[in-house]
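Heads up: the structure comes next, in structure tokens.
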Amino acid sequence: MKGIVVNEFGGPEVLEHVEMQIPKIKKNEVLIEVIHTSVNYADIKNRSGRKWKGSMPFVPGLDAAGKVVEVGEKVQQFRPGDRVICFPRLGSYAEYAVANEKLTFSIPEQLDFTSAAACPTVGFLSYHLLKSIARINDGDSVLIHAAAGGVGNTAVQLAKIFGAGSVIGTVSREEKRQVVKEAGADHVIGYENFADRVKEITEGKGVDIVLDSVSGRIFEESLDCLSHFGRLVHFGNTSGSTGTVEAKQLHASCRSVLGFSLGTTRKERPEMLQDTAAGVLQYMTTGQLDIKVGKKLPLRHAREAHQLMESRKSVGKIILEVN
Ligand SMILES: NC(=O)c1ccc[n+]([C@@H]2O[C@H](COP(=O)([O-])OP(=O)(O)OC[C@H]3O[C@@H](n4cnc5c(N)ncnc54)[C@H](OP(=O)(O)O)[C@@H]3O)[C@@H](O)[C@H]2O)c1
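Here my numbering is used: position 86 in the sequence shown is 346, and no number is missing along the way.
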């Protein structure tokens with residue numbers, strides 16, 4: 261089969277489109293013919309050496325949509341021909357991927373492979389962040405950083421679906437504002453002095469929830485505009501720096517700082533994702549959630565896809581067409 265391999269850490273040029281072996285399944289796994297996969301920011305971090313701790317070479321990619329072609333002897337829920345999304349064990353930038361049955365989910369017939377491929381990481385993550393980690397309540401105000409991106413744009417839509425009051429999104433470029441508005445945000449602002457702007461919008465109170473994937477200065481400033489009883493969820497560090505919080509910033513104000521990783525959840529508590537999958541796919545089936553696809557490229561153009569995401573010019577998801 262053809263796939264993308266990383267032999268050494270580096271820029272997009274280290275992504276090589278080569279011939280490779282079809283992976284072998286274990287007893288509890290399914291082999292999937294990948295139709296589409298997607299680019300996630302973690303792929304950039306893995307490729308450049310900021311995250312990857314596994315062996316070399318490796319196939320990048322966290323999620324895929326495709327068709328089951330073979331099932332392990334202990335697999336109960338799937339058979340060849342089923343249309344599925346999955347979080348594969350060995351990377352998804354390839355014509356075939358293997359995934360544990362617990363990390364494989366049926367695609368409802370109303371969804372095409374493009375929508376399905378856009379959903380696993382950003383849909384599951386945004387749903388879980390808002391519902392289970394930030395415990396969103398009706399009327400809550402929500403600040404979402406990098407709101408035009410894959411996670412951000414999905415989280416804006418889901419916050420509204422979950423009954424948020426005011427949703428505020430941050431973006432770095434003027435031309436990204438429109439897609440965040442279209443996703444349902446009430447306000448779209450830049451990063452410059454965003455805490456002051458958020459306080460203005462919320463009449464001094466601050467927001468009930470912040471979703472922060474940028475970290476560093478953005479994390480610290482987010483605490484300046486988090487209301488009493490507010491929840492700040494830290495789940496990424498696109499800025500490359502870490503933010504700090506002092507205990508005294510939390511106690512009297514009844515505020516919480518929470519962390520979440522879909523990777524750790526997939527590894528240690530995959531069963532937690534069953535309800536999440538059902539919820540996300542239900543909203544997609546009814547059309548309430550429409551995860552934005554900003555760009556589709558063939559798999560062999562993975563370098564271009566990574567360049568686009570790193571340029572901070574992409575909006576929504578970048579899909580890689582495999583088959
Ligand atoms: N915890 C988890 O399990 C989990 C899972 C998936 C994703 N994530 C995190 O969620 C975030 C979004 O992921 P995504 O795949 O949906 O990517 P994305 O949002 O589509 O693209 C990344 C965006 O991050 C923003 N950004 C802010 N500072 C940046 C910087 N210094 N360099 C590059 N981009 C920067 C850019 O938007 P602006 O230019 O508008 O700021 C950029 O468009 C990432 O931090 C990712 O690691 C976490």
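For each residue, glycine too, the CB sits at the ideal point set by N, CA and C.
1. Can you check whether the CB of Asn-453 is closer than 9 Å to the CB of Lys-217?
2. Going by C-alpha distance, which of Met-316, Asn-360, Asn-497 and Ala-538 is nearest Lys-334?
3. I'd like the list of long-range same chain contacts for Val-416, defined as Cβ closer than 7 Å, with 5 residues on each side in sequence excluded.
4. Could you tell me which whole beta strand (DSSP E) segments of length 3 or greater appear in the stretch 264-298?
5. What residue does the alpha helix (DSSP H) around Tyr-301 start on, and which one ends it?
6. State buried or exposed for Thr-524, treating a residue as buried only when at least 16 other CB atoms are found within 10 Å of its CB.
7. Provide the residue(s) that pair with Cys-346 in DSSP beta bridges, ordered along the chain.
8. Using three-state DSSP, classify Glu-330 as helix, strand or coil.
9. Express the C-alpha separation of Arg-339 and Gly-500 in angstroms, rounding to a whole number.
10. If you draw a straight line from the C-alpha of Ile-304 to the C-alpha of Glu-581, how long is it?
11. Which of the three DSSP states, helix, strand or coil, is assigned to Glu-581?
12. Can the beta-carbon of Val-505 be found less than 9 Å from the beta-carbon of Glu-480?
13. For the alpha helix (DSSP H) containing Phe-454, list its first residue and its last residue.
14. I'd like the list of long-range same chain contacts for Pro-283, defined as Cβ closer than 6 Å, with 5 residues on each side in sequence excluded.
15. Measuring straight from C-alpha to C-alpha, what distance separates Leu-413 and Ser-352?
16. Helix, strand or coil, according to DSSP, for Val-474 in the structure here?
17. Please return the same chain residues whose Cβ sits closer than 8 Å to the Cβ of Glu-276, not counting the five positions on each side in sequence.
18. Taking only runs of the beta strand (DSSP E) that begin and end inside the stretch 485-570, which ones reach a length of at least 3 residues, in chain order?
19. Measuring only the C-alpha atoms, how far is Phe-269 from Gly-314?
20. Comparing C-alpha positions only, which one of Asn-300, Arg-515, Thr-546 and Ile-292 sits nearest to Ala-562?
21. Which residues in the same chain as Phe-347 place their Cβ atom closer than 7 Å to its Cβ, once the five residues preceding and following it in sequence are excluded?
22. Go ahead and pull the three-state DSSP assignment for Gly-450.
23. Under the assumption that Tyr-356 contacts Thr-536 (Cβ atoms under 8 Å), give the Cβ distance between them as a whole number of angstroms.
24. Quick check on the DSSP output: the alpha helix (DSSP H) that includes Val-382 runs from which residue to which?
25. Below 8 Å, is the gap between the Cβ of Gly-383 and the nearest heavy atom of ligand 1?
26. Indicate the three-state DSSP secondary structure (helix, strand or coil) for Val-427 in the structure shown.
Per the coordinate set shown:
1. Outside the modelled stretch of the chain, which goes from 261 to 583, sits residue 217, for which no answer is possible.
2. Stepping through the sequence shown from its first residue, residue 334 is reached at position 74. The shortest C-alpha separation from Lys-334 is found at Asn-360.
3. Sequence index remark: in the sequence shown, residue 416 carries index 156 (1-based). The residues are Ile-404, Ala-407, Val-427, Gly-429, Val-440, Ala-443, Gly-444 and Ala-445.
4. 275-279
5. Locating residue 301 in the sequence shown gives position 41, where the first residue counts as 1. For Tyr-301, the enclosing alpha helix (DSSP H) has its first and last residue at 301-308.
6. Indexing the sequence shown from 1 puts residue 524 at position 264. Thr-524 should be labelled exposed.
7. Counting from 1 along the sequence shown, the entry for residue 346 is found at position 86. The partner list for Cys-346 (beta bridge, DSSP) reads Ala-324 and Thr-364.
8. To locate residue 330, count along the sequence shown from 1; it is residue 70. Here Glu-330 sits in strand by DSSP.
9. Along the sequence shown, read from residue 1 onward, the residue named residue 500 stands at position 240. Along the sequence shown, read from residue 1 onward, the residue named residue 339 stands at position 79. Approximately 42 Å, taken between the alpha carbons.
10. Numbered from its first residue, the sequence shown carries residue 304 at position 44. Numbered from its first residue, the sequence shown carries residue 581 at position 321. Cα-Cα distance, rounded: 18 Å.
11. Here residue 581 is taken as the residue at index 321 of the sequence shown, counted from 1. Strand, per DSSP.
12. Translated into positions along the sequence shown, residue 505 becomes position 245. Translated into positions along the sequence shown, residue 480 becomes position 220. Closer than 9 Å, so yes.
13. Position 194 of the sequence shown, counted from the first residue, corresponds to residue 454. Note, Phe-454: alpha helix (DSSP H), 454-461.
14. If you number the sequence shown from 1, residue 283 lands on position 23. Once the five neighbours on either side are set aside, the close Cβ partners of Pro-283 are Leu-350 and Val-358.
15. Here residue 413 refers to the residue found at position 153 of the sequence shown. Here residue 352 refers to the residue found at position 92 of the sequence shown. A small correction: the amino acid at residue 413 is Asn; Leu does not occupy that position in the sequence shown. Each residue's alpha carbon lies about 23 Å from the other.
16. One-based indexing of the sequence shown puts residue 474 at position 214. Coil at Val-474, not helix or strand.
17. Walking along the sequence shown from the start, residue 276 turns up at place 16. The answer, listed in chain order, is Ile-264, Val-265, Val-266 and Asn-267.
18. 486-494, 516-519 and 553-558
19. As a first step, residue 269 is located in the sequence shown; it is residue number 9 there, counting from the start. As a first step, residue 314 is located in the sequence shown; it is residue number 54 there, counting from the start. If I take the Cα positions, the gap works out to 12 Å.
20. Here the question's residue 562 lines up with position 302 in the sequence shown. Measuring from the Cα of Ala-562, the nearest candidate turns out to be Asn-300.
21. Taking the sequence shown and counting its residues from 1, the one referred to as residue 347 is at position 87. For Phe-347, same chain residues with a beta-carbon under 7 Å away, outside a window of 5 residues either side, are Leu-322, Asp-323, Ala-359, Leu-363, Pro-380 and Arg-526 in chain order.
22. As a first step, residue 450 is located in the sequence shown; it is residue number 190 there, counting from the start. Three-state result, Gly-450: coil.
23. Stepping through the sequence shown from its first residue, residue 356 is reached at position 96. Stepping through the sequence shown from its first residue, residue 536 is reached at position 276. So it is not a contact: roughly 26 Å between Cβ atoms.
24. Along the sequence shown, one-based indexing puts residue 382 at 122. Note, Val-382: alpha helix (DSSP H), 380-388.
25. Position 123 of the sequence shown, counted from the start, is the residue given in the question as residue 383. Every heavy atom of ligand 1 is 8 Å or more from the Cβ of Gly-383, so no.
26. As a first step, residue 427 must be located in the sequence shown, where it is residue number 167. The answer is strand: DSSP assigns Val-427 an E or B state.
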